[in-house]
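Have a look at the structure below, then the notes.
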Amino acid sequence: MTKKEYTLQQMAELLGVERQGPANLVIRGVGPLQAAGPDQLSFLANPKYKSQLESSRAGAVIVHPSVPGVDRPRLLSLNPYWTMAKAAQLFHEPPDLPVGVHPTAVVAPDARIAPDAALGPLVHVGPGASIGSGTRIYGHVHIAGNVTVGDQCLIHPNVTILDGCRIGDRVIIHSGTVIGSDGFGFAQDDQGRSTKIPQTGIVVIEDDVEIGANCAVDRATFGVTRIGRGTKIDNLVQIAHNVEIGEHSIIVAQVGISGSVTLGKHVILGGQVGIAGHLTVGDGVRIGAKSAIAHSVPPGQDLMGIPAIPHKEWFRNYANWKRLPRMRDELARLRKRVDALEKELGRHGKDD
Amino acid sequence: MTKKEYTLQQMAELLGVERQGPANLVIRGVGPLQAAGPDQLSFLANPKYKSQLESSRAGAVIVHPSVPGVDRPRLLSLNPYWTMAKAAQLFHEPPDLPVGVHPTAVVAPDARIAPDAALGPLVHVGPGASIGSGTRIYGHVHIAGNVTVGDQCLIHPNVTILDGCRIGDRVIIHSGTVIGSDGFGFAQDDQGRSTKIPQTGIVVIEDDVEIGANCAVDRATFGVTRIGRGTKIDNLVQIAHNVEIGEHSIIVAQVGISGSVTLGKHVILGGQVGIAGHLTVGDGVRIGAKSAIAHSVPPGQDLMGIPAIPHKEWFRNYANWKRLPRMRDELARLRKRVDALEKELGRHGKDD
Amino acid sequence: MTKKEYTLQQMAELLGVERQGPANLVIRGVGPLQAAGPDQLSFLANPKYKSQLESSRAGAVIVHPSVPGVDRPRLLSLNPYWTMAKAAQLFHEPPDLPVGVHPTAVVAPDARIAPDAALGPLVHVGPGASIGSGTRIYGHVHIAGNVTVGDQCLIHPNVTILDGCRIGDRVIIHSGTVIGSDGFGFAQDDQGRSTKIPQTGIVVIEDDVEIGANCAVDRATFGVTRIGRGTKIDNLVQIAHNVEIGEHSIIVAQVGISGSVTLGKHVILGGQVGIAGHLTVGDGVRIGAKSAIAHSVPPGQDLMGIPAIPHKEWFRNYANWKRLPRMRDELARLRKRVDALEKELGRHGKDD
Numbered sequence: 001m002t003k004k005e006y007t008l009q010q011m012a013e014l015l016g017v018e019r020q021g022p023a024n025l026v027i028r029g030v031g032p033l034q035a036a037g038p039d040q041l042s043f044l045a046n047p048k049y050k051s052q053l054e055s056s057r058a059g060a061v062i063v064h065p066s067v068p069g070v071d072r073p074r075l076l077s078l079n080p081y082w083t084m085a086k087a088a089q090l091f092h093e094p095p096d097l098p099v100g101v102h103p104t105a106v107v108a109p110d111a112r113i114a115p116d117a118a119l120g121p122l123v124h125v126g127p128g129a130s131i132g133s134g135t136r137i138y139g140h141v142h143i144a145g146n147v148t149v150g151d152q153c154l155i156h157p158n159v160t161i162l163d164g165c166r167i168g169d170r171v172i173i174h175s176g177t178v179i180g181s182d183g184f185g186f187a188q189d190d191q192g193r194s195t196k197i198p199q200t201g202i203v204v205i206e207d208d209v210e211i212g213a214n215c216a217v218d219r220a221t222f223g224v225t226r227i228g229r230g231t232k233i234d235n236l237v238q239i240a241h242n243v244e245i246g247e248h249s250i251i252v253a254q255v256g257i258s259g260s261v262t263l264g265k266h267v268i269l270g271g272q273v274g275i276a277g278h279l280t281v282g283d284g285v286r287i288g289a290k291s292a293i294a295h296s297v298p299p300g301q302d303l304m305g306i307p308a309i310p311h312k313e314w315f316r317n318y319a320n321w322k323r324l325p326r327m328r329d330e331l332a333r334l335r336k337r338v339d340a341l342e343k344e345l346g347r348h349g350k351d352d
Numbered sequence: 001m002t003k004k005e006y007t008l009q010q011m012a013e014l015l016g017v018e019r020q021g022p023a024n025l026v027i028r029g030v031g032p033l034q035a036a037g038p039d040q041l042s043f044l045a046n047p048k049y050k051s052q053l054e055s056s057r058a059g060a061v062i063v064h065p066s067v068p069g070v071d072r073p074r075l076l077s078l079n080p081y082w083t084m085a086k087a088a089q090l091f092h093e094p095p096d097l098p099v100g101v102h103p104t105a106v107v108a109p110d111a112r113i114a115p116d117a118a119l120g121p122l123v124h125v126g127p128g129a130s131i132g133s134g135t136r137i138y139g140h141v142h143i144a145g146n147v148t149v150g151d152q153c154l155i156h157p158n159v160t161i162l163d164g165c166r167i168g169d170r171v172i173i174h175s176g177t178v179i180g181s182d183g184f185g186f187a188q189d190d191q192g193r194s195t196k197i198p199q200t201g202i203v204v205i206e207d208d209v210e211i212g213a214n215c216a217v218d219r220a221t222f223g224v225t226r227i228g229r230g231t232k233i234d235n236l237v238q239i240a241h242n243v244e245i246g247e248h249s250i251i252v253a254q255v256g257i258s259g260s261v262t263l264g265k266h267v268i269l270g271g272q273v274g275i276a277g278h279l280t281v282g283d284g285v286r287i288g289a290k291s292a293i294a295h296s297v298p299p300g301q302d303l304m305g306i307p308a309i310p311h312k313e314w315f316r317n318y319a320n321w322k323r324l325p326r327m328r329d330e331l332a333r334l335r336k337r338v339d340a341l342e343k344e345l346g347r348h349g350k351d352d
Numbered sequence: 001m002t003k004k005e006y007t008l009q010q011m012a013e014l015l016g017v018e019r020q021g022p023a024n025l026v027i028r029g030v031g032p033l034q035a036a037g038p039d040q041l042s043f044l045a046n047p048k049y050k051s052q053l054e055s056s057r058a059g060a061v062i063v064h065p066s067v068p069g070v071d072r073p074r075l076l077s078l079n080p081y082w083t084m085a086k087a088a089q090l091f092h093e094p095p096d097l098p099v100g101v102h103p104t105a106v107v108a109p110d111a112r113i114a115p116d117a118a119l120g121p122l123v124h125v126g127p128g129a130s131i132g133s134g135t136r137i138y139g140h141v142h143i144a145g146n147v148t149v150g151d152q153c154l155i156h157p158n159v160t161i162l163d164g165c166r167i168g169d170r171v172i173i174h175s176g177t178v179i180g181s182d183g184f185g186f187a188q189d190d191q192g193r194s195t196k197i198p199q200t201g202i203v204v205i206e207d208d209v210e211i212g213a214n215c216a217v218d219r220a221t222f223g224v225t226r227i228g229r230g231t232k233i234d235n236l237v238q239i240a241h242n243v244e245i246g247e248h249s250i251i252v253a254q255v256g257i258s259g260s261v262t263l264g265k266h267v268i269l270g271g272q273v274g275i276a277g278h279l280t281v282g283d284g285v286r287i288g289a290k291s292a293i294a295h296s297v298p299p300g301q302d303l304m305g306i307p308a309i310p311h312k313e314w315f316r317n318y319a320n321w322k323r324l325p326r327m328r329d330e331l332a333r334l335r336k337r338v339d340a341l342e343k344e345l346g347r348h349g350k351d352d
């Protein structure tokens, strides 16, 4: 879609890395080793794929300076995967959307729309809302009243952002996601019938957060549901009311986080993990896919399982579980040996 | 957002509870003990938080009459949490939406819209549909043909209600939810290729149901998928075709209920629970989060696990599972002792 | 909704099966044995329900030729369930949508819309997109730029299909589903902060695929995320970037498939299954509901569990797990017997 091109020297400067090879080599894109062509830059993130580098048609490659025997034009990086991401960003543009307000968009008269924001077809922006500079609101997005969306955001088609929620700068929200639905809060009478506890809080999404498709982030009962700066959330994730997620965490698809959970910074939750309500998960915790967190977790732990336990303990228990049939057999053999011993000793006794 | 206020006496009357303290104290909202200010009403739902009450700035508090030593202005309730919910409802209004049909809404000529209903921007209401009195249909909602929505409902932005489905009174449906998608029904030929079984039934949602964001409720193959009166459903829940859910049940986020399951009344399903097809789950059953229900469940049981078993049994088995390494060690020790006994007895035998 | 009718003879011809009974019997629909009336066709897919056939009011029935003692008008089929599906299709029409472009639809001037396609109210079709013959795009659907939708497709309300994705012929996509959201790809710096890897690939959905409500199918990082011909996907399913799914597979609700997974043909995944990244699952594999796939799976296997193991092995291990309390008791008894033996032998020793 894009027609951008850079020389290898320009890329080295833009990425802040050392170049080895022809300064004027023209690069028109980034691709994996097996697919990149002579005008593309590729990358060797893991030295074990070096044979793929040898057979690659890529015109240039990003490599770690310690990789021996690379004679192809190259950019040297201590973190080739990171440099690849930054290089690909140079070539990438989000889907086109003209600056200004599409004639079919419905925008409240008192909404503040930055002059260089772009609002697509059939968008709605409610009263008191504001849309920041350079932000793109794609078609069919519903922005309710008093919502704030910061600068340079991408709000993809069919997203819903509900009353009063606040979105920071450079936030990306993918299609179908709902920000600010009511939390799941009810009081029960003595017959077990539920009455709704009004959910009067909001959702705050800090800068540089990305949220995948068809997620649900509930507003707080009172106060704020918060997603910390730089955190990345995959598709179909449930974030309940009053959850607080720290900075730079990573939450994989179909995770469910119950109400009033506090997650630290740099937490990683694998796919389909569930966290019970009111728990605290410390900084740097990593939880394996499909685990269930039933107790608070101190910082730095690696857990897995249902319920989750430390990673090593889980593997030991699992090994024992698989060994159960053998344990049963062993138990049966021991019983027979004890039977025999008792019989023998009985005979002895008699013989005495 | 709201500017409502009541005196403590007015609140006591509206809530049907006893007041102790100044009748004319003005209350402008409801909040938790740590956050409520001098013009707000708070609540002590659990006596163990009584120290928070002492340090709270709340102007008044809802307490159980048995709590000793409360001298703050107060409302006495046998169920303070319920009374708090009802009090908060007095101050809460759903997001504003003017009565009438927004000029950008697309409404079929033969659709019946109650004069005091509100249809937001870019809403669609199909042929033969009807929208009841006081109901609010927020922006971007898609109501297909022949759908019935009752009175005093809140249908939040971007909800989809498909052909012929029937929604009762006072129903709340949150953004992104789909009511009446086709059930997952196919016949296979001898090559394992699927052909679609047309899904010709509907979904019926009874009065006072609330459904969260980004759920999917499939229409029946033939007949009706039904969600019983007063049942509350959280976000991202899957309800397959021909499911019948009883009254006043509670279904937490990311639950999946397979086709033709019958759930009783007052059932509680924890988050991420899955229920296999064609099962019956009795009244009052409670299933722990992330459990898998593989067999029908008699009324009144508490189950958990994958597959789910009675709660107490699960805890006992789990304790044994964690004790497996110790059992292995014990087994090894016993084997050595039996080895020694056999050797000893062998020597005895020889000595004899 | 439909007013179609056929004679029994017409149905036999359309379905390519043998008729027994009056050729002119008029059939106006298909229904289950307990609900079908005298002008409806029912079916006996499983001989164990034969007593229901006897009490059914159905005017005619589809049965296997081997079922004895059926004297009702009937169609004979070696696969009655398949024939029922095909018969029901004869009576079924998708929700009505007039051919042509609704006046409130927003269609880019260079989009190609087949003359007999139908675009509903408030639809968006972006630049360079094309919509095939006989395809119905229901209200509120968002088709982004350069998307291709084939012939005879049904794209239900509120679906989002993003830039450049390609949809085959006779594809059905249910409401709320998102095709072509960005894959979850980030590079981390040495501080654990993430930067986005632009997702420049697309999604290709082959002919005769059906995808349920509120699913998310991510575009590839580079290249293609592909869903093979004839595959059927239920609601709330997550399909990550670069996944390849073979033909005629069946994926039940709330499954999550991680990035770069390759699924074979005729694979069946039960509800809530999770598959870890970069694995290969062979042709004909069947995975039980709620399982976690942590390793690649050779063709033809039946697995279940967390982590998944062969079906029979899982049942054996589960039986042992339930027997753990008994094993503990047995171990305790053996220990006492060994205690006693040692004591006895000690006494013997002394006595000697």
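Read top to bottom, the protein sequences are chains P, X and L.
Heads up, the first sequence is in the UniProt record's numbering, so the first residue is 1 and it goes up one at a time.
Heads up, the second sequence is in the UniProt record's numbering, so the first residue is 1 and it goes up one at a time.
Heads up, the third sequence is in the UniProt record's numbering, so the first residue is 1 and it goes up one at a time.
We put the CB at the ideal spot given by N, CA and C, even for glycine.
Worksheet item: Are the Cβ atoms of residue 162 of chain X and residue 144 of chain X separated by less than 7 angstroms?
Response: Yes; because the gap between Cβ atoms is below 7 angstroms, this pair is in contact.
Item to complete: Look at residue 150 of chain L and residue 132 of chain L and say whether their C-beta atoms are less than 7 angstroms apart.
Response: yes
Discussion item. Comparing C-alpha positions only, which one of X:269, X:263 and X:290 sits nearest to residue 277 of chain X?
Written reply: X:263
Discussion item. Would residue 314 of chain X pass as an interface residue toward chain P - the criterion being a Cβ-Cβ separation below 7 angstroms?
Written reply: Residue-level contact check: residue 314 of chain X does not touch chain P, since none of the beta carbons of chain P fall below 7 angstroms from its beta carbon.
Worksheet item: In angstroms, rounded to a whole number, what distance separates the CA positions of residue 99 of chain P and residue 102 of chain X?
Response: 26 angstroms
Discussion item. Taking a contact to mean a Cβ-Cβ separation below 7 angstroms, would you say residue 203 of chain L touches residue 180 of chain L in this structure?
Written reply: yes
Worksheet item: What is the DSSP secondary structure of residue 25 of chain L, reduced to helix, strand or coil?
Response: In the structure shown, residue 25 of chain L sits in coil (DSSP, three-state: anything other than H, G, I, E or B).
Fill in: Option nearest residue 97 of chain P by Cα separation, candidates P:71, P:309 and P:152
Of the listed residues, the one whose Cα sits closest to residue 97 of chain P is P:152.
Worksheet item: Under the DSSP definition of a beta bridge, which residues are partnered with residue 248 of chain X?
Response: DSSP, once it has assigned bridges, lists no residue as partnering residue 248 of chain X.
Discussion item. Strictly by DSSP, which residues pair up with residue 196 of chain L?
Written reply: Bridge partners of residue 196 of chain L: L:186.
Practice prompt. From the DSSP output, read off the bridge partner residues of residue 232 of chain P.
Written response: P:210 and P:250
Worksheet item: Given a threshold of 16 other Cβ atoms within 10 Å of its Cβ, counted over all protein chains shown, does residue 14 of chain P qualify as buried or as exposed?
Response: exposed
Worksheet item: Can you name the residues of chain X whose CB is closer than 9 angstroms to the CB of residue 11 of chain L?
Response: Neighbourhood of residue 11 of chain L in chain X, by CB distance below 9 angstroms: empty, with the nearest CB roughly 15 angstroms away.
Practice prompt. With a threshold of 16 other CB atoms inside 10 Å of the CB of residue 37 of chain X, please say whether the residue is buried or exposed.
Written response: exposed
Fill in: Own chain, CB closer than 8 angstroms to residue 185 of chain L, minus 5 neighbours either side, in chain order
196, 197, 199, 221, 241 and 259
Worksheet item: For residue 81 of chain X, which residues in chain P fall below 9 angstroms Cβ to Cβ?
Response: 187, 188 and 197
Worksheet item: Quick one: any contact between the stretch 286 to 299 of chain L and the stretch 278 to 287 of chain X, if contact means 3 or more CB pairs under 8 angstroms?
Response: Taking 8 angstroms as the limit for Cβ pairs, the verdict is that the stretch 278 to 287 of chain X does not touch the stretch 286 to 299 of chain L.
Worksheet item: Given 8 angstroms as the limit, is there contact between the stretch 58 to 72 of chain L and the stretch 240 to 254 of chain X, that is, 3 or more CB pairs closer than that?
Response: no
Discussion item. Among P:327, P:266 and P:20, whose alpha-carbon lies nearest the alpha-carbon of residue 188 of chain L?
Written reply: Of the candidates P:327, P:266 and P:20, the residue whose Cα lies closest to the Cα of residue 188 of chain L is P:266.
Item to complete: Kindly indicate which three-state DSSP category residue 222 of chain L falls into: helix, strand or coil?
Response: coil
Discussion item. My assumption, with CB atoms under 8 angstroms, is that residue 12 of chain L sits in contact with residue 78 of chain L. Please give the rounded CB distance.
Written reply: About 14 angstroms; that fails the 8 angstroms criterion.
Worksheet item: What number of angstroms, rounded off, separates the C-alpha of residue 355 of chain P from the C-alpha of residue 173 of chain P?
Response: As shown, chain P starts at 1 and ends at 352. That puts residue 355 of chain P outside it, with no answer to give.
Worksheet item: Which class does residue 331 of chain P belong to by DSSP, given the choice of helix, strand or coil?
Response: helix
Item to complete: Return no unless some Cβ of chain L is closer than 7 angstroms to the Cβ of residue 372 of chain P.
Response: Residue 372 of chain P cannot be examined here, being either before or after the span of chain P that is shown, 1 to 352.
Fill in: contact_flag[the stretch 51 to 58 of chain L, the stretch 26 to 40 of chain L] where n(CB pairs < 8 angstroms) is 3 or more
yes
Worksheet item: With a CB to CB cut of under 7 angstroms and the five nearest residues on each side skipped, what residues in its chain are close to residue 234 of chain P?
Response: The residues are 212, 251, 252 and 253.
Fill in: Option nearest residue 177 of chain P by Cα separation, candidates L:164, L:245, L:160 and L:171
Nearest option by C-alpha distance: L:160.
Discussion item. Pop quiz: residue 25 of chain X and residue 53 of chain X are said to be a contact at Cβ under 8 angstroms. What is the actual Cβ separation, rounded to whole angstroms?
Written reply: Their Cβ separation, rounded to whole angstroms, is 17 angstroms, which puts residue 25 of chain X and residue 53 of chain X out of contact at 8 angstroms.
Item to complete: Specify, as a first and last residue, the run of the alpha helix (DSSP H) that residue 367 of chain X falls within.
Response: Within the shown structure, residues of chain X are numbered from 1 to 352, placing residue 367 of chain X beyond reach of any answer.
Worksheet item: Quick one: is residue 85 of chain P near chain L, going by C-beta distance under 7 angstroms?
Response: yes
Fill in: Within chain P, partners of residue 126 of chain X - CB distance below 8 angstroms
Chain P residues near residue 126 of chain X: none, gap ~18 angstroms exceeds 8 angstroms.
Worksheet item: Under a three-way DSSP split, which group does residue 341 of chain P fall into?
Response: helix
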